[in-house]
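Visitor:
Residue numbers (this note's numbering): 271 to 656.
1) Express the C-alpha separation of residue 512 and residue 468 in angstroms, rounding to a whole number.
2) Excluding five sequence neighbours on each side, which residues of the same chain lie with their C-beta closer than 7 angstroms to the C-beta of residue 627?
3) Alpha carbon to alpha carbon, how far is residue 404 from residue 452? Give it in angstroms, no decimals.
4) Any idea what DSSP makes of residue 440, helix, strand or coil?
5) Can the beta-carbon of residue 410 be found closer than 9 angstroms to that of residue 443?
6) So, for residue 614: in the same chain, excluding its five sequence neighbours on each side, which residues have a beta-carbon less than 7 angstroms away from its beta-carbon?
7) In chain order, what residues of the same chain lie with their CB nearer than 8 angstroms to the CB of residue 489, ignoring the 5 residues before and after it?
8) Do residue 349 and residue 356 count as a contact pair if the criterion is CB distance below 9 angstroms?
9) Relative to the C-alpha of residue 612, which candidate in 326, 396, 366 has its C-alpha closest?
10) Ignore the nearest five residues each way along the sequence and tell me which others in residue 416's own chain have a CB closer than 6 angstroms to its CB.
11) Can at least three beta-carbon pairs, one atom from the segment 594-603 and one from the segment 387-401, be found at a separation below 8 angstroms?
12) Can you give the beta carbon distance from residue 623 to residue 634, rounded, assuming they're within the 8 angstroms contact cut?
13) So the candidates are 378, 360, 400; which of them puts its Cα closest to the Cα of residue 534?
14) Using the beta-carbon count (16 or more within 10 Å), is residue 568 buried or exposed?
15) Can you find the residues in the same chain that come closer than 7 angstroms, C-beta to C-beta, to residue 589, ignoring five residues on each side of it along the sequence?
16) Spatial neighbours of residue 574 within its chain, please: CB distance less than 6 angstroms, with the 5 preceding and 5 following residues excluded, ordered by chain position.
17) Among residues of its own chain, excluding the 5 on either side of residue 583, which ones have a beta-carbon nearer than 7 angstroms to its beta-carbon?
18) Check whether chain D comes within 9 angstroms of residue 496, counting only Cβ atoms and requiring the distance to be less than that.
19) Would DSSP call residue 479 helix, strand or coil?
20) Expressed to the nearest angstrom, what Euclidean distance is found between the alpha-carbon atoms of residue 649 and residue 412?
21) May I have a chain-ordered list of the beta strand (DSSP E) segments no shorter than 3 residues that lie completely inside the segment 572-605?
22) Where does the unbroken alpha helix (DSSP H) through residue 344 begin, and where does it stop?
23) Could you check the C-alpha separation between residue 577 and residue 470 for me, to the nearest Å?
24) Quick one: is residue 655 buried, meaning 16 or more other Cβ sit within 10 Å of its Cβ, or exposed?
25) Below 6 angstroms CB to CB, which residues in the same chain sit around residue 344 once its five sequence neighbours on both sides are set aside?
26) Determine whether the beta carbon atoms of residue 428 and residue 618 lie at a separation below 9 angstroms.
27) Consult DSSP for residue 435 and reduce its assignment to one of helix, strand or coil.
28) Quick check: the Cα distance between residue 385 and residue 371, rounded to an integer number of angstroms?
29) Kindly indicate the opening and closing residues of the beta strand (DSSP E) around residue 383.
30) Less than 8 angstroms separating the Cβ of residue 591 from some heavy atom of the ligand HEM?
31) Which of helix, strand or coil does DSSP assign to residue 526?
32) Give the secondary structure of residue 446 by DSSP, where H, G and I count as helix, E and B as strand, and everything else as coil.
33) With distance defined between alpha-carbon atoms, name the residue in 335, 434, 551, 359 nearest to residue 325.
34) Could you give the residue range of the beta strand (DSSP E) that holds residue 702?
35) Should residue 419 be labelled buried (16 or more other beta-carbon atoms within 10 Å of its own) or exposed?
36) Are the Cβ atoms of residue 383 and residue 327 separated by less than 9 angstroms?
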């Protein structure tokens, strides 16, 4: 069952008094224009009664595809597991607010919960982008180790979300990402200068120092911008999500690795007053729903990316290209300079940066001797189906 895949000692702290419909969450989980802002007064009324609550969750992602479906399943799970004591209704990008207005809606009280990627809210916090991903930083499993066993959730709350009046819960992870799509080949540092490229987060801040015109766009606007030539390239997620968005129909140069986002945490964020008004049982149902969503999205991406990559290269003429060692070293060296500068903008950003760097340091040896060494050794065994 989905939620028991997380170690029982973590969740044993949180006894539940209502039966959780875990099998339904796993069984129903599957991959499956213009956004308009709506005034707060037009939002559905969340109040039901003192004993029953209704939340509206507004998302920065569209309804189609994995992320939209995962949010729907999260809402169904919480509603079912709480026996209707907490009903959650999902509204996807553009249905109630524009993608980048999801956090505004929650902070204003127009919605009770939001869903997106932490770096979408960088304008509100100097520290929040570090929650999403750090260039040359942590893998997905290292991030999960930090979040669930290294007090990462508490640290993200303390240094990023609580100051905004919000409660943070991790609700998805991209796993390893690709480096991006380009209209032309990128071989040297000079090729970056003047490039119009869509890359949110800390990676974009690093590219700016190489003369890249970094453009921030929500997912629903990426393909139109690429098609019109408003941008010369973009990063998105990985083969499955990228193919689903149709990026391969416009440009063919597909680069790896995703140095900017070795793995990216997606965020659920809840109005702190709404969170505090939940009893402990409902809080733990929401936590478990978020944790299950986190595992589901990460596992699903891992399951579908290889087939998508094969289709892109064999059926659609996509040219898979690796960033040159020269480029990766130059960007890596620059990252080591730029990230501390960004983190120094506030005491919260500095504290969170130092926590993540400490986790990275503590993981390096084990990840190198175990996972990295095994992946290299695995090449020696040419196994085939019989």
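Glycine included, every Cβ here is placed at the ideal spot set by N, Cα and C.
None of these values were measured; they are calculated from a predicted model.
Guide: Let me spell this out:
1) 14 angstroms
2) none
3) 22 angstroms
4) strand
5) yes
6) 620
7) 330, 331, 332, 363, 369, 506, 515
8) yes
9) 396
10) 422, 629
11) no
12) So it is not a contact: roughly 17 angstroms between Cβ atoms.
13) 400
14) buried
15) 522, 523, 524
16) 510
17) 590
18) No chain D is part of this structure, which consists of one protein chain only.
19) coil
20) 23 angstroms
21) 589-592
22) 336-351
23) 26 angstroms
24) exposed
25) 559, 563
26) yes
27) coil
28) 11 angstroms
29) 383-386
30) By its list of ligands, the structure shown contains no ligand whatsoever, and the ligand HEM lies outside what it can speak to.
31) strand
32) coil
33) 359
34) The chain is shown from 271 up to 656; residue 702 falls before or after that span and cannot be answered.
35) exposed
36) yes
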